[in-house]
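Residues 2 to 240, numbered by my numbering, are exactly what the sequence shown covers, in order.
Here's the structure we're looking at; comments come further down.
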Amino acid sequence: MERLQKVIANAGVCSRRKAEELIKARKVKVDGEVITELGTKVGEHQEITVDNIKLASEQKEYYLFNKPRGVVTTTNDDKGRKTVMDYIPTNKRIYPVGRLDYDTTGLLFLTNDGDLANQMMHPSSELEKVYIAKVKGIAKGEHLVPLKSGVMLDEIKVIPDYVKLRKTDKVSNTSIIEVVIHEGKNHQIKRMLAAVGLEVIKLKRERIGFLTLKGLESGEYRKLNPKEVKQLHEFLNKK
Ligand code: URA
């Protein structure tokens, strides 16, 4: 359920402020009934008319983006830094689903489909997120064994779906570790690795479910094709 003025604005009819004026001016009907209450909540399947013209719902868009370092995952930044929205030209009100830190790179999913976004964010979606972390030092069993059995974050035990040591480099004294999780807690990978004594130097998200970075250079985006959108809906709905 969303506020009526927001739904009207999202449909691209006018600004939220103007929508409020239209509601007060008795121009808006929900399921045939004039609504004058500003905070009225409406559901997806209700018919909304403005001046007796039916509202078309905003067309849904789905994007994959390969986020570079030094870009914030918000729709606008009060410090004037570059945001992911600077890279994707659209007049739709898309937003990122989940966050990558300012210094994290890799796969980000953006959409204006609120229902799908909610489903994706829910841990029960079991949507795997695959991260590749470069850490300081040579990772060993003493780090990986406790990591695999789970670490405490926000007083909850978090067990990764999968952990693999990909590479160690004695010369640079670093290691590359793949960690797969299905939640999206704040700084989750950095905090999980810190909990077992490993400091992350670089972090990249390689995959979200079946969606990968394939064909996307850093800073590039692409729209999901209809088959991928269908596959994503099907995956989330069978959970
Ligand atoms: N975990 C982190 O620590 N940072 C990210 O950006 C994503 C997951």
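Note that beta-carbon positions come from the ideal geometry of N, C-alpha and C, so glycine has one too.
Proximity winner among the options, relative to residue i (alpha-carbon distances)
| i | options | result |
| --- | --- | --- |
| D162 | H234, I190, L5 and R27 | I190 |
| K93 | G99, R100, T76 and R82 | T76 |
| G216 | L65, M121 and I9 | L65 |
| E229 | H46, G44 and F110 | F110 |
| C15 | E59, S173, M121 and H123 | E59 |
| L56 | I157, V35, T175 and N11 | N11 |
DSSP state of residue i mapped onto helix, strand, coil
| i | result |
| --- | --- |
| N67 | strand |
| F1 | The shown model of the chain, from 2 to 240, leaves out residue 1, and the question about it has no answer. |
| Y88 | helix |
| G216 | coil |
| L101 | coil |
| V176 | Sequence inspection shows Ser at residue 176; the Val mentioned does not correspond to that position. DSSP places S176 in strand when its eight states are reduced to three. |
| K186 | coil |
| R4 | strand |
| G115 | helix |
| R94 | coil |
Bridge partners - residue i, DSSP secondary structure assignment
| i | result |
| --- | --- |
| V181 | V131 and Y163 |
| K224 | Y64 |
| T50 | K30 and K55 |
Other residues of its chain near residue i: CB distance less than 7 Å, five sequence neighbours each side excluded
| i | result |
| --- | --- |
| F236 | G210 |
| G151 | K158, V159 and I160 |
Nonlocal neighbours in the same chain, by C-beta distance under 8 Å from residue i, ignoring five residues either side
| i | result |
| --- | --- |
| E200 | V136, K137, G138 and L194 |
Same chain only: Cβ atoms within 6 Å of residue i, ignoring 5 sequence neighbours per side
| i | result |
| --- | --- |
| D114 | K61 |
| E48 | D32 |
heavy atom of the ligand SAM below 7 Å from residue i C-beta
| i | result |
| --- | --- |
| H183 | Ligands present in the displayed structure are limited to the ligand URA, and the ligand SAM is not among them. |
Would the region 127-142 and the region 163-182 be scored as touching if the rule is three or more Cβ pairs under 8 Å?
-> With a cut-off of 8 Å, the region 163-182 and the region 127-142 count as touching, because enough Cβ pairs lie within range.
Are the region 100-118 and the region 204-211 in contact at 8 Å, needing three or more beta carbon pairs?
-> yes
Using 8 Å as the Cβ pair cut-off and three pairs as the minimum, do the region 24-34 and the region 68-87 touch?
-> no
Meets three-Cβ-pair contact criterion under 8 Å: the region 151-171 and the region 213-230 = The region 151-171 vs the region 213-230: no contact.
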